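Asker: Residue numbers (the UniProt record's numbering): 1 to 77. The beta-carbon is built from N, C-alpha and C at its ideal position, and this holds for glycine as well. Bear in mind that the values here come from a model prediction, so they are computed numbers and not experimental data. Handing you a structure now.
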Amino acid sequence: MATLDSASESLSGEGTRNVPRSACSSEISILGDFNVHHEFWLSSPFTDHPGELAFIFSILHDLEQLVQHPACFPDRL
Numbered sequence: 001m002a003t004l005d006s007a008s009e010s011l012s013g014e015g016t017r018n019v020p021r022s023a024c025s026s027e028i029s030i031l032g033d034f035n036v037h038h039e040f041w042l043s044s045p046f047t048d049h050p051g052e053l054a055f056i057f058s059i060l061h062d063l064e065q066l067v068q069h070p071a072c073f074p075d076r077l
């Protein structure tokens, strides 16, 4: 039985190209309106449970918030 060498073969048996790690981008941006609230984010007046989970996730994964002001647009002037 042959073993799979992940550096040189794929599961289909075809050869794969080795890409140096320095050629891979390590910057990922996660964008969206997640509708979670935490008192440390954009002066939210309260923290909800999803906000606490998102806050812990962001700390564990060394994420930073890029938006510095609420992005609310009123539907009336």
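By DSSP, does residue 46 sit in helix, in strand, or in coil?
Answerer: The sequence position of residue 46 within the sequence shown is 46, counting from 1. Three-state result, residue 46: coil.
Asker: Give me the Cα-Cα distance between residue 26 and residue 41, rounded to the nearest whole angstrom.
Answerer: As a working note, residue 26 is residue 26 in the sequence shown. As a working note, residue 41 is residue 41 in the sequence shown. Roughly 25 Å separates the two Cα atoms.
Asker: Pick from 45, 35, 43, 68: whose alpha carbon is nearest that of residue 54?
Answerer: The residue labelled residue 54 in the question sits at position 54 within the sequence shown. Nearest C-alpha to residue 54: 35.
Asker: Any idea what DSSP makes of residue 7, helix, strand or coil?
Answerer: Here the question's residue 7 lines up with position 7 in the sequence shown. Its pLDDT being 47, under 50, residue 7 is placed unreliably by the model, and the measurement read from it follows with that caveat. Looking at residue 7 - three-state DSSP - the assignment turns out to be coil, as it is neither helix nor strand.
Asker: Does the separation of the CB atoms of residue 51 and residue 37 fall below 8 Å?
Answerer: Taking the first residue of the sequence shown as 1, we reach residue 51 at position 51. Taking the first residue of the sequence shown as 1, we reach residue 37 at position 37. Result yes, Cβ atoms of residue 51 and residue 37 sit closer than 8 Å.
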